[in-house]
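One gets my numbering by counting positions in the sequence shown from 1 and adding 119 to each.
Just so you know, even glycine gets a beta-carbon here, dropped at the ideal spot from N, CA and C.
Presented below is the structure to which this report refers.
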Amino acid sequence: MGACGAAPFLPSTINMPPVEVLLEGGAFMRSITQDEPRCRAILEALRQRPPFLFIDALDFRSPPAAAVAHFTFPEEAPYFEGHFPGDPVVPGVLLVEAMAQATRCALYLYLGVSAPGYLVRIEGCRFQKLVRPGERLTLRATIEDAEGLTGWAGTTVRMVGARCTVFRSGKRVARARVTLHMEALPVPLPEVSDTSNKSKGG
Numbered sequence: 120m121g122a123c124g125a126a127p128f129l130p131s132t133i134n135m136p137p138v139e140v141l142l143e144g145g146a147f148m149r150s151i152t153q154d155e156p157r158c159r160a161i162l163e164a165l166r167q168r169p170p171f172l173f174i175d176a177l178d179f180r181s182p183p184a185a186a187v188a189h190f191t192f193p194e195e196a197p198y199f200e201g202h203f204p205g206d207p208v209v210p211g212v213l214l215v216e217a218m219a220q221a222t223r224c225a226l227y228l229y230l231g232v233s234a235p236g237y238l239v240r241i242e243g244c245r246f247q248k249l250v251r252p253g254e255r256l257t258l259r260a261t262i263e264d265a266e267g268l269t270g271w272a273g274t275t276v277r278m279v280g281a282r283c284t285v286f287r288s289g290k291r292v293a294r295a296r297v298t299l300h301m302e303a304l305p306v307p308l309p310e311v312s313d314t315s316n317k318s319k320g321g
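Written out as structure tokens, the structure is:
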């Protein structure tokens, strides 16, 4: 597999200087209104929208077939009122969702296109440390394999597997391998080296 920049269909945003684009609160909406391309890339990669958008920054220094993203779960999020009263903890299911969203960002950065997709498999999931609201998280998603299939009504379907890790202050707090079912990708999916037999450490 060649370098990321070798693909002619990559978005122009990939060539912008290394920068993290924060998409939080009002600044998020203003950036989108001003048509900031690096902010727009996250919305193009993901169909999710607030309050279920768990990527607020994307690092364009990410290696090929991978994404480095960031998110902070806000302390005022309503689910912390019940999870748990007086002892707020980020639900593990939301960490998995954030990993899946980082995987979609990796696919978008690699192909330069987005398509409807759904999380269909979670393997080897481990939650190693509690995550609290207000803590800055780094999510790394690396695409390990992709399979082309012919789906319902002749649509093109891709099964995309990725190794995902969540870090806080450089220390791993969660990891999983996720598989997405992607429909009708408008360009051929480049071959990705199968690293499934390699170490799954973050």
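Kindly list the residues whose CB is nearer than 8 Å to the CB of P170, restricted to its own chain and excluding five residues on each side of it in sequence; keep chain order. In its chain, beyond the 5 residues on either side, A196 have a beta carbon closer than 8 Å to the beta carbon of P170.
To the nearest angstrom, report how far apart M218 and R259 are at their CA atoms. When rounded, the distance between both Cα atoms is 8 Å.
Rounded to whole angstroms, what's the CA-CA distance from D178 to G205? Just pull it up for me. Their backbone Cα atoms lie some 34 Å apart in a straight line.
If you reduce the DSSP assignment to three classes, tell me which class A221 lands in. DSSP places A221 in helix when its eight states are reduced to three.
Among V297, F173, A184 and F203, which has the Cα closest to the Cα of E242? Among V297, F173, A184 and F203, the Cα nearest to that of E242 belongs to V297.
Cβ separation of I174 and Q220, assumed to be a contact under 8 Å, to the nearest whole Å: Between Q220 and I174 the Cβ distance is about 5 Å, and since that is below 8 Å, they are a contact.
Close Cβ partners of T191 (< 6 Å) along its chain, the five nearest in sequence each way excluded: For T191, where only same-chain residues beyond five positions count, the Cβ hits under 6 Å are R255.
Can you check DSSP and say which residues form a bridge with R259? In DSSP, R259 forms a bridge with V187 and T284.
Helix, strand or coil: how does DSSP classify L238 here? When secondary structure is reduced to three states using DSSP, L238 falls in the strand class.
Would you mind giving the Cβ-Cβ distance between R294 and C283, rounded to the nearest angstrom? I have them listed as a contact below 8 Å. Their Cβ separation, rounded to whole angstroms, is 7 Å, which keeps R294 and C283 in contact under 8 Å.
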